[in-house]
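Structure first, commentary second.
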Amino acid sequence: MSLPLSIQDLHKTYAGSEHPVFDGFSLEVEAGALCAVMGPSGVGKTTLLNCIAGLDHWEGGSIRVGGAALAPSDRTAMSLHRRANIGLAFQQPHLLPEFTLEENLALPLMLDGGPDASQKAWIRDLLTVVGLADLVERFPNQLSGGQAARGGLARALVRRPALWLLDEPTGNLDPQTAEEVFGFLLRLHDELKPTTLLVTHNPELAARCGRIVHLS
């Protein structure tokens, strides 16, 4: 299930900074869209994702997911929002080294007492889609950079989130591997249709998304 994202008149300033990160920023993203977010370093791309995920607060304006307004001052509500709606993937996949690839994907499901048999099958399905079905018992240090990146993408979808927030998931890879990982990203988005914001500095990858938002 995907949900629309609505940001209205967002205001955000970090403590001690003279200039705001956002000063009346607004954005509408329709449900199921794949939207690239571009802009120079330090402009607020990661901050935007963190606000949407409820990992950061803001001083004014609203963020709505599926019509429901987020409450940045309510930590419990933000935690529940992330669990229910958000899948996050980063430039570094942050797979936990003491767990196998399959166990890394299972960890988010343990919050709800899983994984049960159907969820274990879903994990295997996801790993098959990203070409890692034969590597489920490997530990992160036994994976290449591209394999770990694909595992991070799959883990970000294991809870079937409505929003997929991707912060430079191919930024740490060589061009050929980045292209390979991006191909799997497109396939996952096409099959599952989460509303997706993809932060990238790569204009060629951004051009293959349905929409590009430039922050300046």
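Numbering-wise (our numbering), the sequence shown opens with residue -3 and increments by one. For glycine and all other residues, C-beta sits at the position ideal for the given N, C-alpha and C.
Report the rounded CA-to-CA distance for residue i versus residue j, giving the unit in angstroms.
i, j, result
"Asp70", "Gln4", "19 Å"
"Gly50", "Leu184", "24 Å"
"His15", "Thr43", "14 Å"
"Ala67", "Asp130", "42 Å"
"Thr96", "His77", "27 Å"
"Ser(-2)", "Arg134", "32 Å"
"Ala32", "Arg155", "22 Å"
"Cys47", "Pro36", "19 Å"
"Arg207", "Ala150", "23 Å"
"Asn100", "Glu187", "22 Å"
"Leu103", "Leu162", "19 Å"
"Arg79", "Thr191", "15 Å"
"Gly109", "Gln115", "11 Å"
"Ala65", "Leu30", "22 Å"
"Val132", "Leu181", "19 Å"
"Phe178", "Leu201", "8 Å"
"Pro171", "Ala203", "16 Å"
"Ala117", "Glu176", "24 Å"
"Ala113", "Met106", "13 Å"
"Trp54", "Gly20", "11 Å"
"Val126", "Glu26", "26 Å"
"Glu98", "Pro157", "19 Å"
"Leu123", "His197", "27 Å"
Compare the Cα-Cα distances from residue i to each of the options and report the closest residue.
i, options, result
"Tyr10", "Ala152, Arg156 and Gly56", "Gly56"
"Pro18", "Lys41, Asn137 and Gly62", "Looking at the sequence shown, residue 18 is not Pro but Phe. Residue Lys41 is the option with its Cα nearest to Phe18."
"Leu159", "Leu193, Pro165, Trp118 and Ala113", "Leu193"
"Gly148", "Pro165, Arg156 and Asn137", "Pro165"
"Pro89", "Ala117, Leu76 and Ala144", "Ala144"
"Met74", "Arg120, Leu105, Gln138 and Asp52", "Asp52"
"Val209", "Met34, Pro190, Gly12 and Leu153", "Met34"
"Gly167", "Gln87, Lys189, Pro36 and Asn137", "Gln87"
"Leu6", "Ala202, Ser22 and Pro0", "Ser22"
"Arg60", "Ala27, Ser2 and Gly12", "Ser2"
"Glu94", "Asn137, Ser58, Pro199 and Gly142", "Asn137"
"Cys205", "Leu211, Val195 and Ser212", "Val195"
"Gly28", "Leu123, Arg146 and Gly62", "Gly62"
In this structure, what does DSSP give as the bridge partners for residue i?
i, result
"Cys216", "Any property of residue 216 remains undetermined from this structure, which presents the chain solely from -3 to 212."
"Ser2", "Glu24 and Arg60"
"Phe18", "Lys8"
"Leu161", "Leu84 and Leu193"
In terms of residue numbering, what span does the alpha helix (DSSP H) encompassing residue i cover?
i, result
"Glu175", "Pro171 to Leu188"
"Ala145", "Gly141 to Arg151"
With respect to the beta strand (DSSP E) encompassing residue i, which residues constitute its N-terminal and C-terminal limits?
i, result
"Ala11", "That residue, Ala11, is in no beta strand (DSSP E); it is neither H nor E in DSSP."
"Thr191", "Thr191 to Val195"
"Leu30", "Leu30 to Met34"
Please tell me whether, using a cut-off of 6 Å, the distance from the CB of residue i to the nearest non-hydrogen atom of the ligand SAH is below it.
i, result
"Leu122", "Within the structure as shown, the ligand SAH is missing, as the structure has no ligands at all."
Inside the region 47 to 131 only - beta strand (DSSP E) runs reaching at least 3 residues: 56 to 61 and 82 to 85
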